Every structure is written in C-alpha cells, then in structure tokens.
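S.K.:
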Amino acid sequence: MLINGTSTEDDVYGDVEDGIGTITLNRPDRRNALSDAMVAGIESLVDAMQDSDEVGVIVITGAGKAFCSGGDVQDFDAKGGEGGGADEIDADAVEAQRKAQRATVGKLYRSRKPVIAAIPGAATGAGLGLALAADFRIGSERAVFATAFGAVGLSGDFGVAWLLNDIVGPVKARELMLLNPRVRAEEARELGLLNEVVPEEQFEARVRELAEQLANGPAQAYASMLDNLDRAPRESLEESMDAEVPLHKATGLTDDHIGAVRAFVEKRTPVFGRRRIAETGGDR
6 MLINGTSTED DVYGDVEDGI GTITLNRPDR RNALSDAMVA GIESLVDAMQ
56 DSDEVGVIVI TGAGKAFCSG GDVQDFDAKG GEGGGADEID ADAVEAQRKA
106 QRATVGKLYR SRKPVIAAIP GAATGAGLGL ALAADFRIGS ERAVFATAFG
156 AVGLSGDFGV AWLLNDIVGP VKARELMLLN PRVRAEEARE LGLLNEVVPE
206 EQFEARVREL AEQLANGPAQ AYASMLDNLD RAPRESLEES MDAEVPLHKA
256 TGLTDDHIGA VRAFVEKRTP VFGRRRIAET GGDR
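Numbered per my numbering, the sequence shown spans residues 6 to 289.
#1: Which class does LEU169 belong to by DSSP, given the choice of helix, strand or coil?
#2: For the alpha helix (DSSP H) containing ARG179, list its first residue and its last residue.
#3: Mind reading off the beta-carbon distance from GLY144 to LEU199? Whole number of angstroms is fine, and I expect it under 8 Å.
#4: Between which two residues does the alpha helix (DSSP H) carrying SER49 extend?
#5: So which of ARG187, LEU258, ASN185, ASN233 has the shortest CA-CA distance to ASP247?
#6: Tell me the DSSP secondary structure of ARG189 in three-state form.
#7: For ALA46 and ALA101, I'd like the C-alpha separation in whole angstroms.
#8: Are the Cβ atoms of ASP77 and SER40 separated by less than 8 Å?
#9: Where ASP16 and ARG36 are concerned, what is the direct C-alpha to C-alpha distance, given to the nearest angstrom?
#10: Report the option in GLU180, GLU205, ALA228 whose CA atom is closest to the CA atom of ALA190.
#11: How many Å lie between GLU240 and PRO175 at the Cα?
#12: What residue range does the alpha helix (DSSP H) around LEU30 cover?
#13: Could you check what DSSP says for SER116 in three-state terms: helix, strand or coil?
#14: Closer than 8 Å by C-beta to LYS170: which residues in its own chain qualify, once you throw out the five before and the five after it? Chain order, please.
#15: Taking the continuous alpha helix (DSSP H) assigned at LEU243, which residues delimit it?
#16: Can you tell me where the alpha helix (DSSP H) holding VAL99 begins and where it ends?
#17: Please classify ALA138: does DSSP put it in a helix, a strand, or coil?
#18: What does a CB cutoff of less than 8 Å around GLY287 pick up in its chain, not counting 5 residues either side in sequence?
#19: DSSP three-state call for PHE154: helix, strand or coil?
#20: Counting only runs that start and end within the region 189-228, where is the beta strand (DSSP E) found for 3 or more residues in a row?
#21: Kindly indicate the opening and closing residues of the alpha helix (DSSP H) around ALA128.
#22: Quick one: measure Cβ to Cβ for VAL64 and THR27, integer angstroms, because I've assumed they're closer than 8 Å.
#23: Using the three-state DSSP reduction, which class does THR66 fall into: helix, strand or coil?
#24: Can you list, in chain order, the residues of its chain with a C-beta nearer than 8 Å to that of THR66? Leave out the 5 residues immediately preceding and following it.
#25: Identify the continuous alpha helix (DSSP H) that holds VAL270 and give its terminal residues.
#26: Indicate whether the contact test is met: 3 or more Cβ pairs, each with one atom in the region 133-142 and one in the region 95-110, closer than 8 Å.
Here's what the structure looks like:
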C-alpha cells in the first residue's frame, strides 16, 4: 500500500500534501460502494498515515458525486443476498464482517489525528458509518444522508446505530434507522450530522482550509483532547478531571507548548512542529 498515489487496490487511493493525508474512495461508477479491496485499502492507509510524521490530519472523501453508498447492493443481488443465499449464518462471514468494520469505521473513529469526512454527495448505509466516525464532517449542498438498511431488509452494520445514538440521541436515531428518511444537507447540519454545509463551488477549498488548520496545529495536544472527549460521557466530572491532569502536564512539556507560550508573549502566531504522537493511554 502506497500513501502517495494510486494504491495497489484501485478502489481506494491515498496521498499526502502539506501535512494533509487524503483517502479517496474510488468507485464512482458504483457511488463508491464498499468492496473488499476498499476496506483493505482504508485500513492500510489509516495505519500508514497514523504512523507518518508527515501527516497531521486525515481527510476521507469519495471520487465523483457521492461519498459512499455503503454495501454494494448489485453485488448482493448477484450472489443471492447479503448472506450469499445460505440458509444459516456463516460464522466465518460474521468474523470477516467484524474485522472489516473495525478496519474502517473503528480505525477512523479511534484515530488520534483529527479526521475530516469531506462529503460531496450521498453517504448511506455503511458509508454513513464512515462519515460519522470522523471528528469533522463538511458537506457540499448536495450532501444527503440515509441509513438505507431498512430499504433492503437489513438491520444495519458499520456502527451506524451506535454513532447515530451518540450524535443525534436515541429518539432521532430510532427515527433515522426505522423510517429511513433522506436527510439533506441543511437538516443534517441542524441535527449535528454535519459541522458545515458549503456551496458546491467552495467545497474543496473549505475542506482544504480546515485540513490545513488542523495539520498545522499541536498534534500531541489534539490527541490528548480526543482522549479527554472520549472518556467524558463514561466518567463523572471528578474522574474526568483526574484523568485530564497527566495529559495536560505531558503536553506542558512539549516544544509545541513552550514555543506557543513564547509566541503569545511576543504577540506572534505560534508555529507547531508535526511529529509522531506519543501514546497517551486513550481508549477511544
């Protein structure tokens, strides 16, 4: 797997420029529906970008007019359904699906480098899971969301139910899962599914602007912030404050902190160094 340029899996490719690692889902003829090669490619690229000192932020997007339409329904039809026409659950298929979900949604959600989902169009089914796993979601005016599972008689996978429950709350999550409405860009922003909606002609520039801001920020502080934010819903205030302290003190030892304090005193913009993030003990 290459970080820069087309990967060995044609269905997905990655590149790094100016600290921005971009993963592009590349099956525009299928609205970037997930393939086995795409899943493997996402896993390899996220791992490589996490380990690279040259990457400060990860952007995931789709080629063409869609972000990702989830599972490949044409493939389901060709093989006799998602279960391949079998009469009972295939234990090997269950394990393979678990691995695929952890390799994609799981790795994006647990990234200690900020992740932006740049959503040019539809994000549905498992593709919705990929989008919701990001820290920031920027949509063009053409962006649209749908859970889509009920439309094909499936219960849902790739963490969509959990992520929706976390982002929009249990009442709205049930509505979105069971009724499967098409949620367009402005409504998605109001629900918290999108951070921003951007006119189509400004979409790429806005994604780039946000990515540059994050790529040039304090990497260790970002990682620790994400640790703190992840723990917060599961802990009391006192537990959360106690856990914050060692991370806060650790970032206080970094060159980023010391240089930023000096810049503040001298009334200039701080310049942060991009370097590998140390283990912080987070469990996102």
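Don't be surprised by glycine CBs; every beta carbon is placed ideally from N, CA and C. As the structure is a computational prediction, the values presented were derived from the model and not from experiment.
M.R.: For this structure:
#1: Looking at LEU169 - three-state DSSP - the assignment turns out to be helix.
#2: Element bounds for ARG179: 175-184.
#3: That belief holds up - the Cβ atoms of GLY144 and LEU199 are roughly 5 Å apart, short of 8 Å.
#4: Here the alpha helix (DSSP H) through SER49 covers 41-56.
#5: If we check each option's Cα against that of ASP247, ASN233 comes out closest.
#6: The DSSP-derived three-state label of ARG189 is strand.
#7: Position check: residue 46 holds Gly in this sequence, whereas Ala was assumed. Answer to the nearest angstrom: the Cα atoms are 15 Å apart.
#8: SER40 is positioned such that its CB atom lies closer than 8 Å to that of ASP77.
#9: Their Cα atoms are separated by approximately 11 Å.
#10: With distances taken between Cα atoms, ALA190 lies closest to GLU205.
#11: Each residue's alpha carbon lies about 20 Å from the other.
#12: From DSSP, LEU30 is part of no alpha helix (DSSP H) but of the beta strand (DSSP E) over 25-30.
#13: DSSP places SER116 in coil when its eight states are reduced to three.
#14: Residue identity check: residue 170 is Asn in the sequence provided, not Lys. The residues are ALA178.
#15: The residue you asked about is not Leu; residue 243 is Glu in the sequence shown. Taken as a continuous stretch (DSSP letters only), the alpha helix (DSSP H) holding GLU243 covers 242-256.
#16: Start and end: 96-106.
#17: ALA138: coil per DSSP, three-state reduction.
#18: Its pLDDT being 44, under 50, GLY287 is placed unreliably in this model, and the value from its coordinates should be taken loosely. The beta carbon of GLY287 lies closer than 8 Å to those of ARG117, ALA228, SER229, LEU231, ASP232, ASP235, ARG236 in the same chain, with the five residues before and after it left out.
#19: Three-state DSSP puts PHE154 in coil, outside helix and strand.
#20: If we require 3 residues or more, the beta strand (DSSP E) runs fully inside the region 189-228 come out as 201-203.
#21: Here ALA128 belongs to no alpha helix (DSSP H); instead the beta strand (DSSP E) covers 127-129.
#22: Yes, VAL64 and THR27 are in contact; Cβ-Cβ is about 5 Å, under 8 Å.
#23: Judged by DSSP in its simplified three-state form, THR66 adopts strand.
#24: So the list reads THR27, ILE28, THR29, LEU30, PHE72, ALA122, ALA123, ILE124, PRO125, VAL212, once near-sequence residues are dropped.
#25: Note, VAL270: alpha helix (DSSP H), 260-270.
#26: Contact between the region 133-142 and the region 95-110 is present, because at least three Cβ pairs lie under 8 Å.
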